[in-house]
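With positions in the sequence shown counted from 1, the corresponding number in the working numbering is that position plus 7. Backbone N, C-alpha and C fix where the C-beta goes; we use that ideal spot for every residue, glycine too. As the structure is a computational prediction, the values presented were derived from the model and not from experiment.
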Amino acid sequence: MSVTYNELTKSVAIKDGLKSHLFLMKFVMILTLINALLNISNGQIAFGFMKALWLVIGMFSVVILHKYIFKKSGSEKIPADQIKGLSESVFLGRKKYFIILQNGKQRDLLSVKSDAEFAQVRKLFTKNGIL
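Take a look at the structure:
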């Protein structure tokens, strides 16, 4: 588990490489969106199956970009006053833990794999007055 609390700066430090992952996902989705726009804007070909396919791919990349830009956070240092709470969700039988921030974003805790580690994080937050 790589979640620590810095008492001097009153912030939570998380070292799991999520920031670079989110950057790469945003970059790939932007490239996909540009590619879809270029394929759709080709005026030489009539609207058919390929343009419809690129339209669906472009809309999918817009939805994913919205999620990664406005709903996810990759911050490695989070001030304690910006943390609203901890939460977990279950998707396809796999638990996923995350921090809910004041600005409405979520910070995934990729390094927290089990309920015991999540309990340690909750204890760390409660001990330091975050929750």
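Buried versus exposed, by CB contacts within 10 Å (16 or more), residue i
i, result
"Gly65", "buried"
"Gly81", "buried"
"Ser18", "buried"
"Ile76", "exposed"
"Leu25", "buried"
"Phe30", "exposed"
"Arg101", "exposed"
"Phe98", "exposed"
"Phe105", "buried"
"Phe34", "exposed"
DSSP bridge partner residues for residue i (one or two, in chain order)
i, result
"Lys84", "Ala20"
"Asn13", "Ser18"
"Lys79", "Gln113"
"Gly92", "Ile107"
"Phe98", "Arg101"
Range covered by the alpha helix (DSSP H) that runs through residue i
i, result
"Ala53", "Segment: none, Ala53 is in no alpha helix (DSSP H) and carries neither H nor E."
"Val128", "Asp122 to Lys134"
For residue j and residue i, the rounded distance between their alpha carbons
i, j, result
"Leu15", "Leu72", "35 Å"
"Ile107", "Lys58", "39 Å"
"Gln127", "Gly55", "55 Å"
"Gly111", "Gln51", "44 Å"
"Thr10", "Gly92", "The amino acid occupying residue 10 in the given sequence is Val; Thr does not appear at that position. Rounded to whole angstroms, Val10 to Gly92 spans 15 Å at the Cα level."
Is it the case that the region 26–43 contacts the region 65–76, given that we only count it when at least three CB pairs across the two stretches are under 8 Å?
Yes, since at least three Cβ pairs between the region 65–76 and the region 26–43 fall closer than 8 Å, the two stretches touch.
Pairing CB atoms from the region 110–119 with CB atoms from the region 44–61, are three or more of them under 8 Å?
No: the two stretches stay apart, fewer than three of their Cβ pairs being nearer than 8 Å.
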